[in-house]
Each structure stands twice: as structure tokens, then as C-alpha cells.
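In our numbering, the protein residues as written are 5 to 207.
Contents: one structure, followed by commentary.
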Amino acid sequence: MPADRQPFVPIHAHAAAVAPPRPALPLTRRELLQGSGLLLGQLTLGSTLASLAPSTAWALELKTLSTEEGQVLMAMGRVLYPHKKLPDAVYALLAKDLDAKAAADPASARLLRAGIAHLKEQGFVRGKAGQRLHIVKALEGEAFFNLVRGQCVTSLYDNEMAFAVFGYPGSAWEKGGYISRGFQDLKWLPAPPLEASPPPYFG
């Protein structure tokens, strides 16, 4: 491999695994012929995640849904929970987790495929931001909408990549708590006077 090229790194190497487990790549030709999808992307150079990840390139395998179906779900996730700071790699986790549900439950697979087909029929794929919002909003309350929105909550926010982007240091109890790990890191407020915030008591 040329020295100026970086290898693809599975997305699970950038983030702690959230159920279901994220399989390793690369894919074999046999697996590709079985109809699985593959989501690929690149982290923005200079971004928070690019500075932490071993490579700016990422790849994620889908077992049941196609690449196009996964991309539609990623785009719908951005409409439901738009975050300019979150890279596509995080929204790909949404597609991955919904793909796992489709693989485990035929009814979920049918629901997802029908919903994706409806989005495409309405012009969602080529639509601009306002059009996409209108199309998704029209689905509010339907089973497909609820399934995708419900999965967004964990897929988009309960992973190490999102933690890094939003500045959340993660669970603290196994690291001794937050007293010495950012308890007073209120960067958006002026520092309080010393008498209002005395040193912590360590016993």
C-alpha cells in the first residue's frame, strides 16, 4: 500500500461497541455477493475525531439492508437529530443498529424497507433540507417513523465518537469519580471566585 494512503478502519475501531456487536472488516467477496451493504466514509481532517482515530477512513458492514437503504436511514437520522458536529460515521451506527433489527425480525425488515421505499417515492433522496424535513414530518406517528426515531436516541448518543464530539468524558465511577476529572470544567461560564468554590475534600 502506498505510504500516502491510509487503510480503511472498521467503524467499530473508532467507537466502543454498542449492541449489537459490530463485525470486523474487510468483507470477503462471498459476503458481498450475499447482498450485504457497505457504508463508507471519511472523517474531516482536523476534526475532533480525526485527531483521535487511527485513520480518517471508516467502513461499516450491513448484513440485511443494502448500501442505498443504509444511506437513506443515515439521512433520515440527520433530519430527526441534526448535528453539524457529528460526522456520518456516527449516523452510520444508526443504520447499523436498524440493520441488526431487520436481520433479527422479519417484520422490522419489512417495515424498514417499506418506509425507505416511501421516502424514495416522495423524493427524499434528492430533496433539499427543507423538502426532507417536510417529508419526514409527514410520517410522524407512524410505525416506521417511531422505529427510526427511537433507535436514534441510543445509536447517535451512546457511543464514544459522540462522547468525544460533545465533550462528555464518559462513565466516571470506575475512574474515581469526577472530582479530579472535570467536575468544575464549566468552560461556558466565567470562573467563580475561590471562596465560592473551595478545593475538594479528599479525606
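Backbone N, C-alpha and C define an ideal beta-carbon position, used for all residues, glycine too.
Keep in mind the model is a prediction, meaning the values are calculated, not measured.
- Bounds of the beta strand (DSSP E) holding Q46 are G41 to Q46.
- If you draw a straight line from the Cα of N163 to the Cα of A195, it comes to about 30 angstroms.
- The Cβ neighbour count for Q135, taken over all protein chains shown within 10 Å, is under 16; the residue is labelled exposed.
- The three-state secondary structure of W177, taken from DSSP, is helix.
- Closest by C-alpha distance to Y95, out of L43, E199 and E178, is L43.
- For the pair G74 and A99, the CB atoms are nearer than the 8 angstroms cut-off.
- Taking the Cα positions, L193 is about 36 angstroms away from V152.
- In this chain, the alpha helix (DSSP H) harbouring A118 covers P110 to E125.
- Around V129, the same chain offers V76 as residues with beta carbons nearer than 7 angstroms, after the five sequence neighbours per side are excluded.
- Take the alpha-carbon of S112 and the one of K105: they are about 6 angstroms apart.
- In its chain, beyond the 5 residues on either side, G45 and M78 have a beta carbon closer than 7 angstroms to the beta carbon of D92.
- Residue burial is scored here from C-beta neighbours: R114 has fewer than 16 other C-beta atoms within 10 angstroms and is therefore classed as exposed.
- For A166, the three-state secondary structure derived from DSSP is helix.
- For A63, the enclosing beta strand (DSSP E) covers residues A61 to L66.
- Residues of the same chain with a CB within less than 7 angstroms of the CB of Q155, apart from the 5 flanking positions on each side, are L98, D101 and L102 in chain order.
- Measuring C-alpha to C-alpha distances from K89 to each of W62, E65, L160 and S40 identifies L160 as the nearest.
- Per the coordinates, the alpha-carbon of L116 lies some 11 angstroms from the alpha-carbon of T68.
- Taking C-beta atoms as the reference points, L53 and A176 fail to come closer than 8 angstroms.
- The Cβ-Cβ distance between S40 and E72 does not fall below 8 angstroms.
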